[in-house]
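Asks: Sending over a structure as structure tokens; questions will come in a sec.
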Amino acid sequence: MASCEHVVCLRHVENERTGEIILEDTGRLWRVIQELPNPSTQTPQLALFIGTNAKDTALKNIFPQNNISRRGEKGNINLRLQTDSINHDAPLFFADSSPWKPSLYTVIDILYARLLFLFSDVICVFADDFSSVQAVLLRLMTWAEIGSAMPILPELRPRLLVVVSEDGPHDASQYEELQNMLQSYTIQLKNTFSAVKIFQLAGTYLSPLARYQRLQLEIRSQTQQMFDIRQRTHMLLSALHFASLFVKAVEQTAQSTSQDFNFITVSRIRNEVGSDYLEHLQTFLELARRHKTPYDSVASFIASSIIMDAYPPRMHRFPIEHVFNVLYREHCYRALETSYNDMEKRIKLQCILDDHGKLTVDLKPKTAGIRAIGVDGGGSRGATSLEFLEGLQKLLHHLPLHEMVDISCGSSSGGMIVLAKFHLQLPVERCIKVFESFAIRCFKRSKSLLGFIKSALNYVVTDAIYDETLIESLMKEIYGSSSTFFGHASNTVPGTRVAVTAMTHGSLRTIFTNYNASAKIHQDSVGSSLTPRFQDTGYIAIRPKEINEEPLIWEVARATSAAPVFFKPVKMNTGDFWDGALGFPNPTELASWEAYRLWPESVVDVAISLGTGEEPKPPRSTNSRSRLLDAFNLLLDGQLQYMNMKGASSDQELLRLNSRLARAIRLDDAESIQEQRHYMHHYPPTRQNLIEAATALLVSNFYFQLDRPVMYNLGVYYCEGSIHCRGDYHQVAHALSELYSPQIEFLTNTEILSICDLGQDICAVCHRYRKEVSFTVRHPTDSITISMRIDSRVTRKISGFPRSMSWFQQHQGFNNHFGTSSHDAPGEIRCLGCTKHSDLGAQKRKGNPSLYRYPKRIKH
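Position 2 of the sequence shown, counted from 1, bears residue number 2 in UniProt numbering, the numbering being contiguous throughout.
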């Protein structure tokens, strides 16, 4: 019988020189699954046939419609789909192997016991193809000794049929001996099989159809029993899940032949339980204990959250008791041991179904990049930064600036500005009026000799020129007297992450944030021992454990702006704090660090650094005192920090908006505000810099998503996707049209993808922007950039690039058939008019093959 290569599912090759074994997954399983009409709902079953001539004859008669006429090479695993079951809810896959190659006995036995048996329902071993019944028993005991790779649910191990023939090469007494030996080794065989049965095939005196009909019915009966067991134990896998797990099992078997294969753990690859889950659970339980929340309510809430995390959309419904034991039990036990060590250790798994909470937030699309703004400190010179913000807002027209920024950081007066604009989301015009009024009232003092003497005496007595009572009352007017920073600001839609800097004792740099992100740099107070993460970042985030110790917004503003000499440090529940500009002279760098902490796999599209005016440098230093003062001022110069950052960033990624002052302006010179505005508006680069920054923010609204997995054909990979707009597209298009002509081009480094006009490509159903594009890449791992060319003059990359297509496949979940931690973004608007589904089952049977069709070789 000739060899038939196209049905080979798995083969192994031994390097004769090194002895290295290479397993090759040919992608045959994925090709078979693509033939199914509904692979996401159909639940295939697998029968494995092992033997040579008797096995081949049985296959041809049991599956006559498959037209089996060729035998695969010895040692290969062949896979087919029973053609008349293709439309069944439980189609039958059948694999066969002829393992009789003595030099590879050990390898094929391991593949059977540790890999194929994991997914098989019935194993048919044809005794007639063995040299003796002792050889049959030896092979079965070898598999039993190797053992199953499934650590749970032993009833799911395959059922073994040993097929013997009435007129086979072995006489009846030998078969009786085999049956007796199998009964005596029942316990050992249970390590690999859930049931063992000898099936006697009628002799050749019957027609082939009649002879194999009983065997066909027996296989059908055994698979039905396994179907019922899998259904009862919630282990009935869809075709997509079946194939995904098989690929992972091949990889694991190649790496280790002794490690058990845990279906639950493998299904959570790229969606593991967070490393800080235990810490969050302990915090929640501790708060519940302190507030005397009933234990049943706490347990129900935790159980509901576990179920929510355990079963995202597309995840297989594994039995909950095993999911809990594998993923959550140890975390819950340790957390309960800490908070409820005087109570019985148990969890009540009960879902809360009647919670109808309502929350609106702005979320960054998973494939989009990050927009960041940092605002320098400078006391009254913060008026310059506000003028730049006003200029940006005018160029953006009706697009609120806070909706165009993902993270904003500020130091000193810059911290006050980001709190007002990006946390409280006040209009820029109001921010300007409030800031000017604040500066004038706060820094009001007599310029006479008597006023100077009074300030000097106040500094000697109180360690500050200005009275903190006045500034604190003014800040309470602006930011509210009772609003916490880590909380919801009224009349706002949370979206922009805000971080404000401060210094504390020991020259320790700290930040206050309105977000959590990773808990690795959080400290409940400045007196706590520093986390190891501090050694990497050089700063800590203040996050009290007690909710009543959360910093108020006005306290954060007071802390970041408490410039030494001018103001005393602010005393808070979490420690003493003062001017953040001493540690973060240019907080744009902090914004980049925090962006990575929040979105570790995203790229920064644009980081805009707002200065407070560049002072003229003295031509020379006359003495050591002046040289020391100049060096100190240089360390606090945000412009210098920007120049250092620019060396490590692209011209498009980092932008600086700053003016040039004609003279040095003191932090408390409130009367210079009009002068600052004059310098800003008459500085030649100002207008062009504002246009460049506004363009960067506008273009960063456009981001790319793959619409389906990358397809391979004729030596290249085809990519089909669409460009979306995360903001109000009509307003984005209007703002761009005011700056440039309405014609735009989308292009890569090698080709133009589309030429279109702004205002086109709006979905008639949901009225959102969606531009379909397609292109080719040499390989999915190659990094590319999609850019927008505007009016033939300006070219900027769209959000999230440069990236590889394999990155998009992974982060959009095309490679993960078990769901994602985001539950496939349930908050997104899903429109049938413009959303394309990427289910393998929706593809044409004869369509272009996906990446899964191509062989993967794994060294062992």
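Glycine included, each C-beta is placed from N, C-alpha and C at the ideal position. This one's a predicted model, so the numbers in the text were calculated from it and none came from an experiment.
State the start and end residues of the unbroken beta strand (DSSP E) segment that holds aspartate 757.
Replies: Taken as a continuous stretch (DSSP letters only), the beta strand (DSSP E) holding aspartate 757 covers 752-757.
Asks: Can you find the residues in the same chain that come closer than 6 Å, C-beta to C-beta, to residue 873, ignoring five residues on each side of it along the sequence?
Replies: In the structure displayed, the chain extends from 1 to 860; residue 873 sits before or after that span and is not available.
Asks: Taking contact to mean 3 or more Cβ pairs, one atom from each stretch, closer than 8 Å, check whether the segment 154-169 and the segment 264-278 are in contact.
Replies: Touching, no.
Asks: In its own chain, which residues sit with a C-beta less than 6 Å from the C-beta of isoleucine 440, not counting the 5 before and 5 after it?
Replies: For isoleucine 440, where only same-chain residues beyond five positions count, the Cβ hits under 6 Å are Ala670.
Asks: How do the segment 49-57 and the segment 114-133 stand: do at least 3 beta-carbon pairs fall below 8 Å, yes or no?
Replies: At 8 Å Cβ cutoff, the stretches touch.
Asks: Please list the terminal residues of the continuous beta strand (DSSP E) segment that includes glutamine 743.
Replies: Residues 743-747.
Asks: Roughly how many whole angstroms lie between the Cα atoms of cysteine 442 and tyrosine 642?
Replies: Rounded to the nearest angstrom, the two C-alpha atoms are 30 Å apart.
Asks: Identify whether lysine 568 lies in helix, strand or coil by the three-state DSSP scheme.
Replies: Coil, per DSSP.
Asks: By Cβ distance, which residues of its chain are closer than 7 Å to leucine 59, with the 5 residues on each side in sequence left out?
Replies: Within the same chain, leucine 59 has close Cβ partners Phe49, Ile68, Asp96.
Asks: Have a look at Asp276, Ile465, Ser411, Leu419 and flag the residue whose alpha-carbon is nearest the alpha-carbon of histidine 402.
Replies: Considering only alpha carbons, the answer is Leu419.
Asks: Would you call the segment 479-494 in contact with the segment 578-592, where contact means no fewer than 3 C-beta pairs closer than 8 Å?
Replies: Touching, no.
Asks: If I follow the unbroken alpha helix (DSSP H) through glutamine 183, where does it start and stop?
Replies: Its alpha helix (DSSP H) spans residues 172-184.
Asks: Check the DSSP bridge columns for tyrosine 769 and list the partner residues they point to.
Replies: Its beta-bridge partners are Ile762.
Asks: Given a cut-off of 8 Å on the beta-carbon distance, is the pair leucine 178 and glutamate 218 in contact?
Replies: No. Outside cutoff.
Asks: Measure how close the beta-carbons of threonine 612 and aspartate 376 come, nearest whole angstrom, since I'm counting them as under 8 Å.
Replies: The pair is a contact, with the Cβ atoms about 5 Å apart (cut-off 8 Å).
Asks: Which first and last residues belong to the beta strand (DSSP E) in which alanine 303 is found?
Replies: Taken as a continuous stretch (DSSP letters only), alanine 303 belongs to no beta strand (DSSP E), being part of the alpha helix (DSSP H) at 295-310.
Asks: Here's the rule I'm using: 16 or more other beta-carbon atoms within 10 Å means buried, otherwise exposed. How should isoleucine 755 be labelled?
Replies: That one is exposed.
Asks: Between serine 592 and the rest of its own chain, which residues show a CB-CB distance below 7 Å, the 5 nearest in sequence each way excluded?
Replies: Excluding residues within five positions, the ones whose Cβ falls inside 7 Å are Ala372, Val604, Ala607.
Asks: DSSP state of asparagine 271, grouped into three classes?
Replies: Residue state, collapsed to three classes: coil.
Asks: Indicate whether the contact test is met: 3 or more Cβ pairs, each with one atom in the segment 770-786 and one in the segment 231-238, closer than 8 Å.
Replies: Segments in contact, no.
Asks: Count the other C-beta atoms from every protein chain shown that fall within 10 angstroms of the C-beta of threonine 695, then say buried if there are 16 or more, exposed otherwise.
Replies: Classification for threonine 695: buried.
Asks: What are the start and end residues of the alpha helix (DSSP H) that includes tyrosine 642?
Replies: Counting along the chain, the alpha helix (DSSP H) containing tyrosine 642 begins and ends at 638-646.
Asks: Using only the alpha-carbon positions, how far apart do glycine 813 and arginine 726 sit?
Replies: Roughly 20 Å between the two C-alpha positions.
Asks: Is DSSP giving leucine 353 helix, strand or coil here?
Replies: Model confidence at leucine 353 stands at a pLDDT of 42, short of 50, so the residue's coordinates are unreliable; what they give is reported in the following sentence. Here leucine 353 sits in coil by DSSP.
Asks: Go to glutamate 555, then tell me how far its alpha helix (DSSP H) extends in each direction, as first and last residue.
Replies: Unbroken alpha helix (DSSP H) run through glutamate 555: 553-560.
Asks: Identify whether leucine 160 lies in helix, strand or coil by the three-state DSSP scheme.
Replies: Correct three-state label for leucine 160: strand.
Asks: For serine 507, count the other beta carbons within 10 Å of its own beta carbon; 16 or more makes it buried, fewer makes it exposed. Which is it?
Replies: It counts as exposed.
Asks: Would residue 871 and serine 412 qualify as a contact pair, given that the criterion is a beta-carbon distance under 8 Å?
Replies: With the chain represented from 1 up to 860, any question about residue 871 goes unanswered, as that position is not in the structure.
Asks: Can you give the beta carbon distance from leucine 690 to leucine 657, rounded, assuming they're within the 8 Å contact cut?
Replies: Indeed, because the Cβ distance is near 7 Å, the residues count as touching under 8 Å.
Asks: Check for me: the alpha helix (DSSP H) holding isoleucine 465 runs from which residue to which?
Replies: That residue, isoleucine 465, is in no alpha helix (DSSP H); it is neither H nor E in DSSP.
Asks: Helix, strand or coil, according to DSSP, for threonine 43 in the structure here?
Replies: Three-state result, threonine 43: coil.
Asks: Taking all protein chains shown into account, decide if methionine 308 is buried (16 or more other Cβ within 10 angstroms of its Cβ) or exposed.
Replies: That one is exposed.
Asks: Ignore the nearest five residues each way along the sequence and tell me which others in valine 389's own chain have a CB closer than 6 Å to its CB.
Replies: The displayed chain sequence assigns leucine, not valine, to residue 389. Same-chain partners within the cutoff: Val428.
Asks: Put asparagine 61 into one of helix, strand or coil per three-state DSSP.
Replies: It is helical.
Asks: Let me know the beta strand (DSSP E) ranges lying completely inside the segment 354-407, each 3 residues or longer, listed in chain order.
Replies: Runs of the beta strand (DSSP E) inside the segment 354-407: 370-375.
Asks: Valine 7 to asparagine 66, Cα distance in whole Å?
Replies: Spanning the two alpha carbons is a distance of roughly 12 Å.
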